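Written below as structure tokens is the structure these notes are about.
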Amino acid sequence: MALFRLSHPPAPPGVGEPCLRNRLPRHDCQACVAACPVQAITATASTPSIDEGECLQCGRCLFACPTDALQNIRPETRRFTGTTLVAPFSTLEPSVDELLMWHQEHGIRAVEMEMDKFPGWVRAVAALNIQLRELNAPVWQILPPQQKAINAARRHFIKANEVDVESATARTGRRARRQAFSTLSEYRLALDRALCTACGACARICGENALSLNEEALTFSSSSCTGCNSCAVVCPVDAIRIARQLGENRVLRFEWIQKSCRCCQREFYTFTPETDRCAVCQRHKYGMREA
1 MALFRLSHPP APPGVGEPCL RNRLPRHDCQ ACVAACPVQA ITATASTPSI
51 DEGECLQCGR CLFACPTDAL QNIRPETRRF TGTTLVAPFS TLEPSVDELL
101 MWHQEHGIRA VEMEMDKFPG WVRAVAALNI QLRELNAPVW QILPPQQKAI
151 NAARRHFIKA NEVDVESATA RTGRRARRQA FSTLSEYRLA LDRALCTACG
201 ACARICGENA LSLNEEALTF SSSSCTGCNS CAVVCPVDAI RIARQLGENR
251 VLRFEWIQKS CRCCQREFYT FTPETDRCAV CQRHKYGMRE A
């Protein structure tokens, strides 16, 4: 009977404090839930929970999370030589999000495998190529396995075919993907200037600094946006919308003007020169703030 335990059991998979549902109780992010192939992640009104017994440790959720909130889960280690992924392959095919990082980080452009044995991988590569075409990027190929001859007379060369094979993982999360594809954007912002009160809540909540404001304008940089949708969640008048749209990186400026409220005499910002009262005074009927 062992008196001492020499190793600690691995910590169970979980969701950490950066989760959007922890920061904003109203947030309904389902990114990790949607990415899980076995429904091991559930999210109700609170922080998502992971069923350790059901979790495959496939790492798909890692690539989908906009805030890197998943804990104690590692992405699959894969083998490659040059620009080609090689066997052995995981039974569960990778997500398109993971393959995009292999494309950009490691310069992978092909997979060497027997298509009949890995239909899931074939579908994953096909889905990847659809997205790569939208990005005007080179697509991947599926190559037949090469027959590697070994000189049986020289036994020390038996593993010669493994010399150029490397192992690695791809960086995870939407933040890493935004850094890898910095010249491109995945999300667009729509702002209803007629509704916007220029309160600045959207810029203050943005953890990626995709939104910023100064005395002249509200600025949106699409290359930094991870699509977390926090700006829309905190907007008190539902003036902002974030939608997925692949394209070139754009910086949008929504210019406003500074005015003095005729009711409370405080400075405020507005998109319309005709507006003469701040957002707070507009909500007070019968001139209550003027009394």
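First residue of the sequence shown: 1, per the working numbering; consecutive thereafter.
For glycine and all other residues, C-beta sits at the position ideal for the given N, C-alpha and C.
These numbers were taken from a predicted model, which means no experiment stands behind them.
Put simply, the backbone Cα of serine 49 is about 6 Å away from that of isoleucine 41. Between valine 280 and the set Trp256, Pro273, Leu211 and Pro236, the nearest pair of CA atoms involves Pro236. Counting along the chain, the unbroken alpha helix (DSSP H) around alanine 64 starts and ends at 60-64. Following the DSSP letters along the chain, one finds valine 234 inside the alpha helix (DSSP H) bounded by residues 230-234.
Shortest Cα-Cα distance from asparagine 229 to any of Arg123, Cys263, Cys29 and Ser167 involves Cys29. Leaving aside the five residues that flank leucine 99 on each side, the residues in its chain whose CB is nearer than 7 Å to its CB run, in chain order, Ala124 and Leu128.
Distance check between asparagine 209 and each of Thr197, Ser260 and Thr67 places Thr67 closest, using alpha-carbon atoms only. Runs of the alpha helix (DSSP H) spanning 4 or more residues and lying entirely within the segment 213-264 occur at 230-234, in chain order. Counting only the Cα atoms, leucine 24 lies some 28 Å from glutamate 216. Residue pairing by DSSP places arginine 193 in no beta bridge whatsoever. Residue nearest to cysteine 65 within the set Thr77, Gln57 and Ala35 is Ala35 (criterion: CA-CA distance). Nearest in C-alpha terms to alanine 203, of all of Arg193, Arg188 and Thr219, is Thr219.
Shown here, isoleucine 130 sits in a helix according to DSSP, grouped into three states.
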